[in-house]
Amino acid sequence: MAEVSSLHDHLLRLELRLLDPSVRASSVELEALIADEFLEVGRSGRQYSRDEIIHESAGSDPAVLSIEDFEARHLGPEAAMVRYRSVAHRDGMIDEVTWRCSIWKCADGAWRITYHQGTPAV
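Just so we're aligned, residue 3 is where the sequence shown starts under the numbering used here, counting upward by one.
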């Protein structure tokens with residue numbers, strides 16, 4: 003059980019890093035967190051590649067994002083899926099709420115995100 007809790011906490015920290023504006027503005031940090039084969043389906047339905055995320059994140063939305071109801075599940079010895087709700091705050095007000103799902107893979111001891119999807123919460 004400690005291993006599952008440890009993975010949960012580790013993946014939560016990684017997801018929080020990806021939401022951090024200073025990390026999103028750093029192509030070096032994003033390259034370390036995002037797998038080469040990465041694909042994202044954004045809350046708009048648009049698909050993004052790894053390169054698009056890395057190069058378009060520098061001018062990303064300044065909203066403050068928080069995570070609620072975070073869950074992590076093993077998909078195998080070196081893969082996991084996380085699911086959570088992100089809450090975007092602008093000017094101290096809740097602006098949008100999104101259900102998020104990510105798949106993470108571990109290679110050479112490092113966890114990297116390989117898939118991400120956002121869906122508007124209703």
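The C-beta atom is built at its ideal place from N, Cα and C for all residues, glycine as well.
Within the DSSP bridge table, the entry for S68 names V89 as partners. Distance from Q119 to E42 at the Cβ level is roughly 7 Å; contact confirmed, criterion being Cβ atoms closer than 8 Å.
When DSSP states are grouped into helix, strand and coil, A81 belongs to the strand group.
For S24, there is no enclosing beta strand (DSSP E); the residue is part of the alpha helix (DSSP H) that begins and ends at P23 to R26.
Residue pairing for I36: DSSP places it in a beta bridge opposite I115.
Per the Cβ contact rule, the region 66-80 is in contact with the region 104-117 (3 or more Cβ pairs under 8 Å).
For D53, the uninterrupted alpha helix (DSSP H) run begins and ends at R52 to E58, by DSSP.
In the DSSP assignment, V99 falls within the unbroken beta strand (DSSP E) covering M95 to A109. Around the beta carbon of A34, a 10 Å sphere encloses fewer than 16 other beta carbons of the protein chains shown; the residue is thus reported as exposed.
Non-local C-beta neighbours of L9 in its own chain, meaning closer than 8 Å and more than five positions away in sequence, comprise A74, H76 and A82, ordered along the chain. For T100, the closest C-alpha among the options F72, A109, F40 and S29 is that of F72.
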